[in-house]
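Engineer:
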Amino acid sequence: MMQQLSINKKEKAPLSYGYENYIDYCLQVAKDKLSGVVSNIEDYETNINKYENMDFLQEPKNICLLDEKCLTKSDISKACKCVLNGKLFSEHAAAGEATRLGMGTKYLINIAEDLSLEKTAEIMTGEKSSIVKPGKVLEKAGCRPVELLPLSLGSRHMLQFSYDIHELAKKYGYDPQNVLSRQHMLIVLNEATANKIIREFINNRFFGFSNENVLFMVQKAYHGINLVNGKYVFNKNTPKRLHNHGQMAMQQTMDNQIFKIDNKGNRTFLKSNEFGENLKEMNDKISYNIEDLGYLTASIDYEGLALALKKAEHGYRMLMEIVGNDSENPQKGGMAAFDTLSGKNVMIESFQLKGIENHEIKYLNKNFNHYPKPYDSWLLLKKHGLNMPIAIKDGAIYFQPVQGDINFLVKTEFFKRKKLKPIKSWKSPETIPLAIKYMHMQDRQKGFKEYAESIIGSRLSCSRTSCYRALSFRLTMKSKNNNNYGK
4 MMQQLSINKK
14 EKAPLSYGYE
24 NYIDYCLQVA
34 KDKLSGVVSN
44 IEDYETNINK
54 YENMDFLQEP
64 KNICLLDEKC
74 LTKSDISKAC
84 KCVLNGKLFS
94 EHAAAGEATR
104 LGMGTKYLIN
114 IAEDLSLEKT
124 AEIMTGEKSS
134 IVKPGKVLEK
144 AGCRPVELLP
154 LSLGSRHMLQ
164 FSYDIHELAK
174 KYGYDPQNVL
184 SRQHMLIVLN
194 EATANKIIRE
204 FINNRFFGFS
214 NENVLFMVQK
224 AYHGINLVNG
234 KYVFNKNTPK
244 RLHNHGQMAM
254 QQTMDNQIFK
264 IDNKGNRTFL
274 KSNEFGENLK
284 EMNDKISYNI
294 EDLGYLTASI
304 DYEGLALALK
314 KAEHGYRMLM
324 EIVGNDSENP
334 QKGGMAAFDT
344 LSGKNVMIES
354 FQLKGIENHE
364 IKYLNKNFNH
374 YPKPYDSWLL
384 LKKHGLNMPI
394 AIKDGAIYFQ
404 PVQGDINFLV
414 KTEFFKRKKL
424 KPIKSWKSPE
434 TIPLAIKYMH
444 MQDRQKGFKE
454 YAESIIGSRL
464 SCSRTSCYRA
474 LSFRLTMKSK
484 NNNNYGK
């Protein structure tokens, strides 16, 4: 197992006493982890974060193969019933900023209204340092941004989940509204845009879900840490930053961080044990990443869910899917490997992989983790916390714990599909055309547009009309000398 910090071993600062204690936790970790490093800490960053068994890693072994031989019809039926009966808890990570896109919180990006072919080409040109023409964007995307339904990425994410559950209910002869009302979920937001997104949930009638069962959490951001007079302190003159998705997971174990809201926006906060009791009732928890583009046409992977439920019977409390890295656009992320010293498969985040470049990572975590019997992993996380890697930004220390490191706390199964597919995520300007392509596929699903309008109402139709008027105007204004546009 990855070496735990002494603070975790001695449990001097359990994370269950609330938000203020996380600050104390960070300062104690800084003291323990950085002892003896007094200057030029940037030079030590890579070594501090380096996975301790780095020299003893091999390709992962005995990976579970998810194929038609692995599951029965009964297994798939159990997965469907898990959703229909409201026993699947879904976590939706929507706090991330589109830093490389320069467009704010990813949840709120509305490609149809915020981007054009020209603007996309301009952004991609700036990223690649070579000219990208609008026609090339169109070729990769398959349609113009203005042809998309005018929905934000977050609205698309929530509508797809609602739509898929609605369709599942109809297939099995259940009342779709009753099934939607049984679903339990947590939406993780950031401080800058939380109120705006919450207002969108209220305006969109919680996308068909019951407001009683839709929980929210605002992920905290923190100032950087500096060594002052021999003592580590949070420097209020440094910018606040999120502490990665591992902090998001730890924050869920604290009091008064998770809340529900009524139709007027009033918040009711939960104690840690109240949220824990909620998880006790669940058969599985799925952690969704809002930038996963494959989600936009199939938000629920019933085969993966069936496998998670099956593995739960054998004591597994986390399942991590392995996918191939994209050879054309290799990404950083969790790397699956076999640790010969610990004798187990592990998932290691890229910034802990000293000397390994993106293109050298063969197997990536899909960022789509299952937690069978989620209360068990939540309880261990509450007790032990996570490893705390660091990042140095503008001379200050910021921690970046990784949610995937829960694989070091619980019995974890790594699985892959019979056919490995590269991960498809919207993480950079380079993947804007791919995002457009997947959104266009989402819009063309049978009945999706009508379902979206039934949830959002006339506002979607009005916005769409405006988009088409804009498109007609732009095409009309193009002269014959600009026939290369869109070719």
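Residue 388 in the working numbering sits at position 385 of the sequence shown; the count goes up by one each step and never skips. Virtual Cβ for every residue (Gly too), placed ideally from N, Cα, C. This one's a predicted model, so the numbers in the text were calculated from it and none came from an experiment.
#1: Extract the residue ranges of the beta strand (DSSP E) inside the region 66 to 95, only unbroken runs of 3 or more that lie entirely within it.
#2: On the criterion of 16 or more Cβ atoms from any shown chain inside 10 Å, does ILE439 qualify as buried, or is it exposed?
#3: So is PHE272 buried or exposed if we call it buried at 16+ other beta carbons inside 10 Å?
#4: Pop quiz: ASN368 and MET323 are said to be a contact at Cβ under 8 angstroms. What is the actual Cβ separation, rounded to whole angstroms?
#5: In chain order, which continuous runs of the alpha helix (DSSP H) of length 4 or greater are located wholly inside the region 286 to 343?
#6: Taking 8 angstroms as the cut-off, decide whether the C-beta atoms of LYS221 and ALA197 are in contact.
#7: By DSSP's criteria, PRO375 is part of a beta bridge. Which residues make up the other side?
#8: Looking at the structure shown, is SER428 part of a helix, part of a strand, or coil, going by DSSP?
#9: Starting from the C-beta of LYS283, find all residues in its chain whose C-beta is less than 8 angstroms away, skip the five residues before and the five after it, and write them out in chain order.
#10: Can you name, in chain order, every residue of its own chain whose Cβ lies under 8 angstroms from the Cβ of ASP287, other than the five neighbours on each side?
#11: Indicate whether ASN193 and LEU245 have their beta-carbon atoms separated by less than 8 angstroms.
#12: So, with DSSP's three-state summary, where would you put THR108?
#13: Are the Cβ atoms of GLY157 and LEU183 separated by less than 8 angstroms?
#14: From the DSSP output, which residues share a beta bridge with ALA172?
#15: Please classify PHE59: does DSSP put it in a helix, a strand, or coil?
#16: Could you give the DSSP three-state label for GLN222: helix, strand or coil?
#17: Confirm, please, whether the CB-CB distance from GLY227 to TYR401 is below 8 angstroms.
#18: By how many angstroms is the C-alpha of LYS139 removed from the C-alpha of ASN485?
#19: In the DSSP assignment, find the unbroken alpha helix (DSSP H) run with LEU118 in it and report its ends.
#20: Given this structure, state the Cα-to-Cα distance separating LEU111 from SER345, to the nearest angstrom.
#21: Considering just the uninterrupted stretch of the beta strand (DSSP E) at LEU192, what are its terminal residues?
#22: Closest by CA to LYS243, which one among LYS199, GLU277, LYS386 and ALA224?
#23: Specify the secondary structure class of ILE439 as computed by DSSP and reduced to three states.
#24: Assuming the contact rule is C-beta atoms closer than 8 angstroms, MET321 and SER275 should be a hit. Round their C-beta distance to whole Å, please.
#25: Which partner residues does TYR454 have in the DSSP bridge list?
#26: Buried or exposed for GLU360, please, with buried defined as at least 16 other CB atoms from any protein chain shown within 10 angstroms of its CB.
#27: Please classify ARG103: does DSSP put it in a helix, a strand, or coil?
#28: Based on Cα-Cα distance, which residue from GLU116, CYS146, ILE79 and ARG420 lies nearest to ARG447?
#29: How about PHE262 and PHE219: are their beta carbons less than 8 angstroms apart?
#30: Looking at C-alpha atoms only, which residue of ILE26, MET253, ILE134 and PRO137 is the closest neighbour of GLY388?
#31: Counting only the same chain and skipping the five closest in sequence on each side, list residues whose C-beta sits under 6 angstroms from that of LEU118.
Structural biologist: Taking the definition as stated:
#1: As far as the region 66 to 95 is concerned, its whole beta strand (DSSP E) runs of at least 3 residues are 67 to 69.
#2: Indexing the sequence shown from 1 puts residue 439 at position 436. By the 10 Å Cβ count, ILE439 comes out buried.
#3: As a working note, residue 272 is residue 269 in the sequence shown. Residue burial annotation: PHE272 is exposed, with fewer than 16 other C-beta atoms found within 10 angstroms of its C-beta.
#4: Position 365 of the sequence shown, counting from 1, holds the residue named residue 368. Position 320 of the sequence shown, counting from 1, holds the residue named residue 323. That pair is a contact at about 5 angstroms.
#5: 305 to 315
#6: Here residue 221 refers to the residue found at position 218 when the sequence shown is read from its first residue. Here residue 197 refers to the residue found at position 194 when the sequence shown is read from its first residue. Rather than Lys, the amino acid found at residue 221 in this sequence is Val. Between VAL221 and ALA197, the C-beta gap is smaller than 8 angstroms, which places the two residues in contact.
#7: Counting from one through the sequence shown, the residue named residue 375 turns up at place 372. DSSP, once it has assigned bridges, lists ASP287 as partnering PRO375.
#8: Your numbering for residue 428 matches position 425 in the sequence shown. In this structure, SER428 counts as strand in the three-state DSSP scheme.
#9: If you number the sequence shown from 1, residue 283 lands on position 280. These residues qualify, in order along the chain: TYR378.
#10: As a first step, residue 287 is located in the sequence shown; it is residue number 284 there, counting from the start. So the qualifying residues of the chain are CYS85, LYS90, LEU91, PHE92, LEU308, ALA311, LEU312, ALA315, HIS373, TYR374, PRO375, LYS376 and PRO377.
#11: As a first step, residue 193 is located in the sequence shown; it is residue number 190 there, counting from the start. As a first step, residue 245 is located in the sequence shown; it is residue number 242 there, counting from the start. The answer is yes: Cβ separation under 8 angstroms.
#12: On the sequence shown, position 105 is the one that residue 108 refers to. Note: THR108 maps to strand in three-state DSSP.
#13: Numbered from 1 along the sequence shown, position 154 holds the residue referred to as residue 157. Numbered from 1 along the sequence shown, position 180 holds the residue referred to as residue 183. In this structure, LEU183 does not lie closer than 8 angstroms to GLY157 by Cβ.
#14: Here residue 172 is taken as the residue at index 169 of the sequence shown, counted from 1. Partner(s): none; ALA172 has no beta bridge.
#15: By 1-based counting over the sequence shown, the position of residue 59 is 56. Three-state result, PHE59: helix.
#16: Numbered from its first residue, the sequence shown carries residue 222 at position 219. In the structure shown, GLN222 sits in a strand (DSSP, three-state: E or B).
#17: Stepping through the sequence shown from its first residue, residue 401 is reached at position 398. Stepping through the sequence shown from its first residue, residue 227 is reached at position 224. Their beta carbons are under 8 angstroms apart, which means TYR401 touches GLY227 by this criterion.
#18: For the purposes of this step, residue 485 is identified with residue 482 of the sequence shown, where counting begins at 1. For the purposes of this step, residue 139 is identified with residue 136 of the sequence shown, where counting begins at 1. With a pLDDT of only 45 at ASN485, under the threshold of 50, the placement of this residue in the model should not be trusted; the figure read from the coordinates follows. Those two C-alpha atoms are separated by around 15 angstroms.
#19: One-based indexing of the sequence shown puts residue 118 at position 115. Premise fails: LEU118 is in no alpha helix (DSSP H) and is neither H nor E.
#20: Here the question's residue 111 lines up with position 108 in the sequence shown. Here the question's residue 345 lines up with position 342 in the sequence shown. Their Cα atoms are separated by approximately 43 angstroms.
#21: As a first step, residue 192 must be located in the sequence shown, where it is residue number 189. It spans 187 to 193 - the beta strand (DSSP E) in which LEU192 sits, taken as one unbroken run.
#22: Position 240 of the sequence shown, counted from the first residue, corresponds to residue 243. Ranking LYS199, GLU277, LYS386 and ALA224 by CA distance to the CA of LYS243 puts ALA224 first.
#23: Along the sequence shown, read from residue 1 onward, the residue named residue 439 stands at position 436. Reduced to three states, the DSSP call for ILE439 is helix.
#24: For the purposes of this step, residue 321 is taken as residue 318 along the sequence shown, with counting starting at 1. For the purposes of this step, residue 275 is taken as residue 272 along the sequence shown, with counting starting at 1. Between SER275 and MET321 the Cβ distance is about 20 angstroms, and since that is not below 8 angstroms, they are no contact.
#25: The sequence position of residue 454 within the sequence shown is 451, counting from 1. According to DSSP, which records beta bridges pairwise, TYR454 is partnered with nothing at all.
#26: Here residue 360 is taken as the residue at index 357 of the sequence shown, counted from 1. Looking at its Cβ environment, which holds fewer than 16 other Cβ atoms inside 10 Å, GLU360 is exposed.
#27: The residue you call residue 103 lines up with position 100 of the sequence shown. Correct three-state label for ARG103: coil.
#28: In the sequence shown, the residue the question calls residue 447 occupies position 444. The shortest Cα separation from ARG447 among GLU116, CYS146, ILE79 and ARG420 belongs to CYS146.
#29: For the purposes of this step, residue 262 is identified with residue 259 of the sequence shown, where counting begins at 1. For the purposes of this step, residue 219 is identified with residue 216 of the sequence shown, where counting begins at 1. PHE219 sits close to PHE262, with the two beta carbons spaced by under 8 angstroms.
#30: By one-based count along the sequence shown, residue 388 stands at place 385. Residue MET253 is the option with its Cα nearest to GLY388.
#31: Locating residue 118 in the sequence shown gives position 115, where the first residue counts as 1. If we look at LEU118 and ignore the five residues flanking it on each side, its Cβ neighbours are PRO148.
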